[in-house]
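Worksheet for the structure shown next.
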Amino acid sequence: MKYTWRHTKAAGTLEPRTVHQTRVHFSVVRGIHHSLPLDRRYYQRYYYLMSTREKTLEKMRNNPNGWSIDTLKALAGHFGVTYRQNGTSHVVFVWSGGRTLPVPFRRPIKAIYMKKFIALLEE
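Numbering (numbering that gives the first Met the number 0) for the sequence shown: 0 to 122.
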(Lines of atoms letter the chains of each structure in order from A; the text may use other names.)
(Lines give C-alpha, C1' and ligand atoms only; values in the text may rest on other atoms or scores of the structure.)
Protein backbone atom coordinates (compact mmCIF):
# COMPACT_ATOMS: atom_id res chain seq x y z
CA MET A 0 0.00 0.00 0.00
CA LYS A 1 1.22 3.45 -0.84
CA TYR A 2 0.41 6.62 1.03
CA THR A 3 -0.09 10.04 -0.43
CA TRP A 4 -1.07 13.22 1.32
CA ARG A 5 -4.12 15.31 0.62
CA HIS A 6 -5.08 18.69 1.89
CA THR A 7 -8.35 18.96 3.81
CA LYS A 8 -10.19 22.22 3.39
CA ALA A 9 -11.95 22.20 6.74
CA ALA A 10 -8.97 21.88 9.03
CA GLY A 11 -6.30 23.19 6.71
CA THR A 12 -4.09 20.20 7.51
CA LEU A 13 -2.67 17.24 5.65
CA GLU A 14 -3.92 13.72 6.28
CA PRO A 15 -2.76 10.42 4.79
CA ARG A 16 -4.73 8.80 2.01
CA THR A 17 -4.16 5.29 0.71
CA VAL A 18 -3.67 4.63 -2.97
CA HIS A 19 -3.98 1.08 -4.24
CA GLN A 20 -1.63 0.10 -7.01
CA THR A 21 -3.19 -1.92 -9.77
CA ARG A 22 -1.37 -4.63 -11.64
CA VAL A 23 -1.08 -4.25 -15.35
CA HIS A 24 -0.95 -7.25 -17.68
CA PHE A 25 2.49 -7.71 -19.27
CA SER A 26 1.09 -7.42 -22.78
CA VAL A 27 -0.07 -3.88 -22.02
CA VAL A 28 3.32 -2.99 -20.57
CA ARG A 29 5.12 -4.31 -23.66
CA GLY A 30 2.74 -2.48 -25.96
CA ILE A 31 0.68 -5.35 -27.37
CA HIS A 32 -3.02 -4.75 -27.31
CA HIS A 33 -5.13 -7.68 -28.45
CA SER A 34 -7.96 -5.40 -29.46
CA LEU A 35 -5.82 -4.01 -32.29
CA PRO A 36 -6.22 -5.32 -35.84
CA LEU A 37 -4.04 -8.25 -36.83
CA ASP A 38 -1.71 -6.26 -39.08
CA ARG A 39 -1.01 -3.75 -36.30
CA ARG A 40 -0.27 -6.58 -33.83
CA TYR A 41 2.11 -8.12 -36.35
CA TYR A 42 3.83 -4.74 -36.76
CA GLN A 43 4.30 -4.43 -33.00
CA ARG A 44 5.51 -8.01 -32.66
CA TYR A 45 7.97 -7.60 -35.52
CA TYR A 46 9.42 -4.21 -34.66
CA TYR A 47 9.27 -4.20 -30.86
CA LEU A 48 9.57 -7.78 -29.64
CA MET A 49 11.75 -9.63 -32.15
CA SER A 50 15.52 -9.55 -31.90
CA THR A 51 17.68 -8.49 -34.83
CA ARG A 52 18.67 -12.09 -35.56
CA GLU A 53 15.05 -13.20 -35.65
CA LYS A 54 14.25 -10.38 -38.07
CA THR A 55 17.15 -11.46 -40.27
CA LEU A 56 15.86 -15.04 -40.25
CA GLU A 57 12.39 -13.79 -41.20
CA LYS A 58 13.88 -11.84 -44.11
CA MET A 59 15.75 -14.98 -45.20
CA ARG A 60 12.50 -16.95 -45.21
CA ASN A 61 10.85 -14.32 -47.41
CA ASN A 62 13.78 -13.91 -49.82
CA PRO A 63 16.51 -16.60 -49.75
CA ASN A 64 18.59 -14.92 -52.49
CA GLY A 65 21.56 -12.63 -52.04
CA TRP A 66 22.86 -13.48 -48.54
CA SER A 67 26.49 -13.71 -47.43
CA ILE A 68 28.25 -16.43 -45.47
CA ASP A 69 28.94 -13.94 -42.64
CA THR A 70 25.20 -13.57 -42.04
CA LEU A 71 24.87 -17.35 -41.81
CA LYS A 72 27.74 -17.50 -39.33
CA ALA A 73 26.10 -14.81 -37.17
CA LEU A 74 22.76 -16.64 -37.18
CA ALA A 75 24.48 -19.94 -36.42
CA GLY A 76 26.18 -18.42 -33.38
CA HIS A 77 22.89 -16.96 -32.17
CA PHE A 78 20.97 -20.23 -32.46
CA GLY A 79 23.72 -22.43 -31.01
CA VAL A 80 24.94 -24.03 -34.24
CA THR A 81 28.69 -24.54 -34.57
CA TYR A 82 30.56 -24.14 -37.83
CA ARG A 83 34.02 -24.88 -39.14
CA GLN A 84 36.05 -23.69 -42.09
CA ASN A 85 39.51 -25.20 -42.17
CA GLY A 86 41.04 -23.37 -45.12
CA THR A 87 38.56 -24.81 -47.58
CA SER A 88 36.05 -23.25 -49.89
CA HIS A 89 33.12 -24.59 -47.80
CA VAL A 90 31.78 -23.66 -44.38
CA VAL A 91 30.32 -26.69 -42.60
CA PHE A 92 27.52 -25.98 -40.13
CA VAL A 93 27.10 -28.67 -37.45
CA TRP A 94 23.89 -29.03 -35.39
CA SER A 95 23.77 -30.67 -31.95
CA GLY A 96 22.04 -33.78 -33.36
CA GLY A 97 24.99 -34.44 -35.65
CA ARG A 98 23.41 -33.03 -38.80
CA THR A 99 25.78 -31.12 -41.05
CA LEU A 100 25.29 -28.70 -43.91
CA PRO A 101 28.26 -27.74 -46.09
CA VAL A 102 27.76 -24.35 -47.73
CA PRO A 103 30.16 -23.20 -50.47
CA PHE A 104 31.89 -19.92 -49.77
CA ARG A 105 30.69 -17.83 -52.68
CA ARG A 106 28.83 -14.57 -53.03
CA PRO A 107 25.89 -14.62 -52.98
CA ILE A 108 24.90 -17.97 -51.48
CA LYS A 109 22.51 -19.94 -53.64
CA ALA A 110 18.89 -20.12 -52.53
CA ILE A 111 18.91 -23.91 -52.10
CA TYR A 112 21.55 -23.67 -49.35
CA MET A 113 19.60 -20.93 -47.63
CA LYS A 114 16.41 -23.00 -47.67
CA LYS A 115 18.24 -26.02 -46.23
CA PHE A 116 19.86 -23.85 -43.54
CA ILE A 117 16.51 -22.37 -42.50
CA ALA A 118 14.85 -25.81 -42.48
CA LEU A 119 17.57 -27.19 -40.20
CA LEU A 120 17.30 -24.17 -37.89
CA GLU A 121 13.56 -24.72 -37.52
CA GLU A 122 13.90 -28.40 -36.54
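Glycine included, C-beta positions come from ideal geometry on N, C-alpha and C.
If you're wondering where the values come from, they're calculated on a predicted model, not measured in any experiment.
Check, Outcome
"Contacts around residue 77, its chain only, beta-carbon distance under 6 Å, and the 5 residues preceding and following it disregarded", "52"
"Beta-carbon gap between residue 110 and residue 64 smaller than 8 Å", "yes"
"Limits of the beta strand (DSSP E) - the one that residue 87 falls within", "Taken as a continuous stretch (DSSP letters only), residue 87 belongs to no beta strand (DSSP E), as it is neither H nor E."
"Closest by C-alpha distance to residue 120, when choosing among 91, 107, 74 and 86", "74"
"Alpha-carbon spacing of residue 107 relative to residue 70, whole angstroms", "11 Å"
"DSSP-derived helix/strand/coil call for residue 104", "coil"
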